[in-house]
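S.K.:
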Amino acid sequence: MIIGRVIGTVVSTHKHAKFEGAKLLLVQPVTLDDQPKGPALLAVDGVGAGIYEKVLLVIEGRAAAEILGRKGAPVDAAIVGIIDAIDVDPALVA
Amino acid sequence: MIIGRVIGTVVSTHKHAKFEGAKLLLVQPVTLDDQPKGPALLAVDGVGAGIYEKVLLVIEGRAAAEILGRKGAPVDAAIVGIIDAIDVDPALVA
Amino acid sequence: MIIGRVIGTVVSTHKHAKFEGAKLLLVQPVTLDDQPKGPALLAVDGVGAGIYEKVLLVIEGRAAAEILGRKGAPVDAAIVGIIDAIDVDPALVA
Amino acid sequence: MIIGRVIGTVVSTHKHAKFEGAKLLLVQPVTLDDQPKGPALLAVDGVGAGIYEKVLLVIEGRAAAEILGRKGAPVDAAIVGIIDAIDVDPALVA
Amino acid sequence: MIIGRVIGTVVSTHKHAKFEGAKLLLVQPVTLDDQPKGPALLAVDGVGAGIYEKVLLVIEGRAAAEILGRKGAPVDAAIVGIIDAIDVDPALVA
C-alpha cells in the first residue's frame with residue numbers, strides 16, 4: 090500500500106456498465122514528508138474520503154474490486170483507509 | 090486508473106484466436122494539465138471511444154478481460170470511461 | 090498491450106517441467122517511431138512470429154498462460170498478434 | 090521478493106471493514122549494501138517484525154492476502170520473513 | 090520473463106509458515122550483453138540453479154506459486170529455467 094492525498098475528482102458520464110457505482114477520486118501519491126511524487130491516479134473510494142485527506146492506497150485490481158464489493162469490477166486501485174498519523178524514524182528514509 | 094488520450098489504432102490481421110473481437114486503441118497517458126507522459130499503450134475499448142478523446146484507463150489483465158466480456162482473454166489494459174471533466178486543486182499536484 | 094520487435098531467441102535445456110511447450114522469443118519494446126526503448130524481455134509466442142517482426146505484446150501472467158493454453162503455466166508475457174500497421178497522429182505523442 | 094527495513098507505522102482509525110485485522114508496517118526498500126532506495130511502502134506484517142529489522146517483502150495482492158489469511162483482503166504487499174543474513178558476491182551486483 | 094544471474098542467498102530463520110519449503114535465491118537482472126541492471130531480487134528456485142548461473146526469471150505471484158507447487162504460496166518471482174545461450178541481433182537492441 091502507498092500513501093496519497095486526495096486532490097480532486099473526475100467526471101465521466103459515458104462509462105462501461107460494469108463500472109457503475111464506482112466513486113472515483115483523484116489521488117496524488119506523497120512522500121513520507123508530504124511532498125507530491127509521481128503521477129496522480131484514480132482510485133475507487135472505499136472509505137468516504139474527502140479532498141485534502143491523506144489516504145492509504147492499495148494498487149491491485151483484485152483488491153480494488155473487493156473494495157467496490159464486486160469481484161469482477163474493472164478497477165485497479167482503491168482507497169482503503171484515511172491516515173491519521175505516520176510514525177517514522179527519518180534517519181532510515183531514502 | 091489513469092488518464093489517457095486516444096491517439097490512434099493498430100492493424101493486426103494475424104493474431105491469436107483468443108484475441109478475436111478485441112477492438113484495440115492506441116492510448117497516450119497524459120498528465121493532469123494534458124501533456125503526454127510516458128509510452129503509449131494499446132487498450133481494449135469498452136466504451137466506443139474516438140480519436141482525441143480523453144479516457145479513463147484501467148491497467149490490469151483481469152479487469153481488461155472483464156471489459157472484453159471474456160474471463161480468459163489475453164489482454165492487460167482497457168478503456169472504461171470517457172472523461173468529461175477533471176476537477177483538481179493544482180496546488181496539490183506534483 | 091505494448092509494441093515490440095522480435096530480436097532473438099533463448100536456449101534453455103534445463104527448465105521447469107511446467108514450462109514445457111513454451112516457445113519463447115526475445116522481444117525488444119519499441120516506440121511508435123520504431124526506436125528500441127527499455128529492456129528486452131522474453132515472451133511466449135502465441136502467433137508464430139518471426140525475427141524482425143513487429144508484434145503486440147501482453148504483459149501479465151494470467152493472460153500469457155491463456156496464450157500457452159495452460160491455466161497454471163509459470164509465464165508472464167506473450168505475443169498475441171503481429172502488427173501490420175500503426176495509424177497514429179504524431180502531434181499527440183510524448 | 091525484495092529486501093526492506095521496517096521504519097515505522099501508520100495510524101488509520103477510519104478504514105474499510107475488509108481491512109480489519111491487518112497490522113501494517115512502513116517498510117523502506119534497501120539495496121544489498123543496506124542503503125535506502127525508492128519510496129517506502131506499507132505492508133501487512135506476517136511475522137511479527139519490529140522497527141529496524143531487515144525483512145523479506147512480497148509485493149503482490151494475492152500473496153499478501155494469503156499472509157493476512159483472508160483470500161479477499163484488499164492488500165498488495167506483505168512481510169513474509171525476517172532476514173538474518175545475506176550471502177552475496179559483491180562483484181556481481183549492479 | 091527476464092534474464093538474471095544468481096548472485097547469492099538469503100538466510101531467514103523466522104518466516105511465515107506458508108513460506109516453508111521455498112528455496113530462495115538472490116538474482117541480479119542482467120542486460121543482453123551480461124551487465125547487471127536494476128535492483129537484485131529474491132526468487133523461488135524451481136530448477137536447482139547455482140551461483141553464477143544465468144537464469145530465466147518469471148515475475149508474477151501466481152506463476153511463482155505454481156513453481157513452488159502450492160497455489161496459495163506468498164511468493165512473487167521464480168526461476169523457471171537455466172539459460173544455455175542467447176541468440177540475438179545486436180543491431181536491434183536498445
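From first to last, the protein sequence lines are chains E, Z, H, P and F. Okay, so the first sequence: first residue is 90 according to the working numbering, each after it adds one. Okay, so the second sequence: first residue is 90 according to the working numbering, each after it adds one. Okay, so the third sequence: first residue is 90 according to the working numbering, each after it adds one. Okay, so the fourth sequence: first residue is 90 according to the working numbering, each after it adds one. Okay, so the fifth sequence: first residue is 90 according to the working numbering, each after it adds one. Heads up, the beta-carbon is just placed ideally off N, CA and C, and yes, glycines get one too. These numbers were taken from a predicted model, which means no experiment stands behind them.
1) Using three-state DSSP, classify Leu157 of chain H as helix, strand or coil.
2) By the criterion of Cβ-Cβ separation under 8 Å, what are the contact partners of Ala166 of chain Z in chain H?
3) State the beta-bridge partners of His103 of chain Z as determined by DSSP.
4) Apart from the five residues on each side of it in sequence, which residues of its chain come closer than 8 Å, Cβ to Cβ, to Val99 of chain Z?
5) Are the beta-carbon atoms belonging to Lys104 of chain H and Gly170 of chain F less than 8 Å from one another?
6) If you draw a straight line from the alpha carbon of Gln124 of chain F to that of Met90 of chain P, how long is it in whole angstroms?
7) Buried or exposed for Asp134 of chain Z, please, with buried defined as at least 16 other CB atoms from any protein chain shown within 10 angstroms of its CB.
8) I need the straight-line Cα distance from Lys107 of chain Z to Gly158 of chain H, nearest angstrom please.
9) Please report the distance separating the alpha-carbon of Ile175 of chain F from that of Thr102 of chain H.
10) Looking at C-alpha atoms only, which residue of Z:Pro128, Z:Asp122, Z:Ala162, Z:Pro118 is the closest neighbour of Val144 of chain Z?
11) Report the option in H:Arg151, H:Ile148, H:Gly137, H:Ala129 whose CA atom is closest to the CA atom of Val177 of chain F.
12) Between Asp165 of chain Z and Glu149 of chain H, is the Cβ-Cβ spacing less than 8 Å?
13) By Cβ distance, which residues of its chain are closer than 7 Å to Lys160 of chain Z, with the 5 residues on each side in sequence left out?
14) With a threshold of 16 other CB atoms inside 10 Å of the CB of Pro179 of chain F, please say whether the residue is buried or exposed.
15) Nearest CA to the CA of Ala162 of chain Z: which residue from Z:Leu146, Z:Val136, Z:Lys126, Z:Gly110?
16) Three-state secondary structure (DSSP) at Gly110 of chain H?
17) Can you check whether the CB of Gly93 of chain Z is closer than 8 Å to the CB of Leu146 of chain Z?
18) Who are the Cβ neighbours of Ile156 of chain H in its own chain at under 7 Å, not counting the five residues just before and after it?
M.R.: Answer, in terms of the structure:
1) For the purposes of this step, residue 157 of chain H is identified with residue 68 of the third sequence, where counting begins at 1. Note: Leu157 of chain H maps to helix in three-state DSSP.
2) Sequence index remark: in the second sequence, residue 166 of chain Z carries index 77 (1-based). By Cβ distance, chain H contributes Met90.
3) Locating residue 103 of chain Z in the second sequence gives position 14, counting from the first residue. In the DSSP output, where bridge partners are listed per residue, His103 of chain Z has H:Ile171.
4) Within the second sequence, the letter at position 10 stands for residue 99 of chain Z. Cβ neighbours of Val99 of chain Z beyond the five flanking positions: Leu113, Leu115, Leu131.
5) Taking the first residue of the third sequence as 1, we reach residue 104 of chain H at position 15. Taking the first residue of the fifth sequence as 1, we reach residue 170 of chain F at position 81. A contact, by the Cβ cut-off of 8 Å.
6) Taking the first residue of the fifth sequence as 1, we reach residue 124 of chain F at position 35. Taking the first residue of the fourth sequence as 1, we reach residue 90 of chain P at position 1. Roughly 21 Å separates the two Cα atoms.
7) Counted from its first residue, the second sequence places residue 134 of chain Z at position 45. Buried, since its Cβ has 16 or more Cβ neighbours within 10 Å.
8) For the purposes of this step, residue 107 of chain Z is taken as residue 18 along the second sequence, with counting starting at 1. For the purposes of this step, residue 158 of chain H is taken as residue 69 along the third sequence, with counting starting at 1. Distance between the alpha carbons of Lys107 of chain Z and Gly158 of chain H: 10 Å.
9) For the purposes of this step, residue 175 of chain F is identified with residue 86 of the fifth sequence, where counting begins at 1. For the purposes of this step, residue 102 of chain H is identified with residue 13 of the third sequence, where counting begins at 1. Going by the C-alpha atoms only, they are around 12 Å apart.
10) Numbered from its first residue, the second sequence carries residue 144 of chain Z at position 55. That would be Z:Pro118, whose Cα lies nearest to the Cα of Val144 of chain Z.
11) Taking the fifth sequence and counting its residues from 1, one reaches residue 177 of chain F at position 88. The option with the nearest alpha carbon to Val177 of chain F is H:Ala129.
12) Walking along the second sequence from the start, residue 165 of chain Z turns up at place 76. Walking along the third sequence from the start, residue 149 of chain H turns up at place 60. Going by C-beta atoms, Asp165 of chain Z is nearer than 8 Å to Glu149 of chain H.
13) As a working note, residue 160 of chain Z is residue 71 in the second sequence. Closer than 7 Å at the Cβ level, and outside the excluded window around Lys160 of chain Z, lie Ala154.
14) Position 90 of the fifth sequence, counted from the first residue, corresponds to residue 179 of chain F. By the neighbour-count rule (16 or more Cβ atoms within 10 Å), Pro179 of chain F is not buried but exposed.
15) By 1-based counting over the second sequence, the position of residue 162 of chain Z is 73. With distances taken between Cα atoms, Ala162 of chain Z lies closest to Z:Gly110.
16) Residue numbering aside, residue 110 of chain H sits at position 21 when the third sequence is read from its first letter. Here Gly110 of chain H sits in coil by DSSP.
17) Taking the second sequence and counting its residues from 1, one reaches residue 146 of chain Z at position 57. Taking the second sequence and counting its residues from 1, one reaches residue 93 of chain Z at position 4. A contact, by the Cβ cut-off of 8 Å.
18) The residue labelled residue 156 of chain H in the question sits at position 67 within the third sequence. Excluding positions up to five away in sequence, the list reads Val133, Gly135, Ala167, Val169.
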